[in-house]
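Counting in my numbering, the sequence shown runs from 44 upward without gaps.
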Amino acid sequence: MRHKILTAIIFSFVAFGMYAQVKHIKPKNVAKLQTISAEQYNQLGEAYNTGKMTEKEAKKFENDALFYDFFSGGCSWYCGGDVDTIVASSCLEQDGRKYAGANVHDFDVTTQWIEGATGQGIGEYLEYTFPGSCPRITTINIINGDITDLVTWKNRSRVKQLKVYFNGAPYAILDLKDSRSLQTFEIGTIGFHDAYMPQWTLRFEILDVYPGDKLEETAISELIFDGVDVH
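Structure, rendered in structure tokens:
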């Protein structure tokens, strides 16, 4: 019995030490989005890509926060980076629509992951699985909340803190701003970039939220990556 108690105490100290070492990371950059709807963003992107903008309109769009990540078609981590699977702990199904976890990684700002648990989704998560050969990740870009339009963004809950796990071990806590924006987090270098290594995972767990004005469920519009080893 004494041995079991001692083991439990040691385990508690180790677990507490791991938690205490988890660092909080604030966004390096918060680029506020225009006060237009997500659908209008996509329409602007289509107009840009098909040359249907004036030179003045195109320059304004190029300065928008979403341009390079979503509409420019320029080279990025995704030239070599890949995600095998995205699993959500739950997702909202409403009016014949499923707000699936994969929606946060489709480069479409009109779609969202909305958790489907009772309450505000504390403890719900997204888990990404990457091949061992995948380029390493250094940056996480998040569009917080449901940005369908400004009213919807305010009505639904947004994430206040996301806990990041690397291969099941606590790695960091992302402290998100309550802002309709593209938030960029520099997280250090994660991954293997080695074809002989097994798959690896990143899990994003909701720790705290900014409550919505009318709806409890919590939404994320996009969660995408940048990194190294591509060129």
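Beta carbons are placed, not taken as given, at the ideal position from N, Cα and C, and that holds for glycine.
Rounded to the nearest angstrom, what separates Phe114 and Val194 at their Cα positions?
24 Å
Starting from the C-beta of Ala215, find all residues in its chain whose C-beta is less than 7 Å away, skip the five residues before and the five after it, and write them out in chain order.
Val65, Lys66, Ile68, Val207, Ile230
Measuring straight from C-alpha to C-alpha, what distance separates Leu245 and Tyr171?
5 Å
Just to check my reading of the structure: Ile267 and Asn184 have Cβ atoms closer than 8 Å, yes? What is that Cβ distance to the nearest angstrom?
5 Å
Helix, strand or coil at Val147 according to DSSP, with G and I counted as helix
helix
Please indicate yes or no: does the CB of Lys206 lie closer than 6 Å to some heavy atom of the ligand NAP?
No copy of the ligand NAP appears in this structure; indeed no ligand is present at all.
Would DSSP call Lys66 helix, strand or coil?
strand
Using a Cβ-Cβ cut-off of 8 Å (strictly less than) and excluding sequence neighbours within five positions of Val273, which residues of its own chain qualify?
Cys118, Ser119, Trp120, Cys122, Gly123, Gly124, Pro178
Three-state secondary structure (DSSP) at Glu167?
coil
When you compare each of Phe209, Leu250, Gly94, Ile186 to Gly166 by their alpha carbons, which one comes out closest?
Leu250
Which full runs of the alpha helix (DSSP H) of 4+ residues lie inside the stretch 197-231, going along the chain?
none
Please state whether the Cβ-Cβ distance between Leu217 and Ala108 is less than 7 Å.
no
Please classify Gly175: does DSSP put it in a helix, a strand, or coil?
coil
Grab the span of the alpha helix (DSSP H) containing Asn106 for me, first residue to last.
Careful: Asn106 lies outside any alpha helix (DSSP H) and carries neither H nor E.
Can you tell me whether Tyr111 is buried or exposed? The criterion is at least 16 other CB atoms within 10 Å of its CB, across all chains shown.
exposed
Residue range of the unbroken alpha helix (DSSP H) whose run includes Leu87:
81-92
Does DSSP classify Glu153 as helix, strand or coil?
Residue 153 is actually Thr in this sequence, not Glu. Three-state DSSP puts Thr153 in coil, outside helix and strand.
Three-state class that DSSP yields for Phe235 in the structure shown
coil
Tell me where the beta strand (DSSP E) around Glu248 begins and ends.
243-253
In this structure, does DSSP put Val194 in helix, strand or coil?
helix
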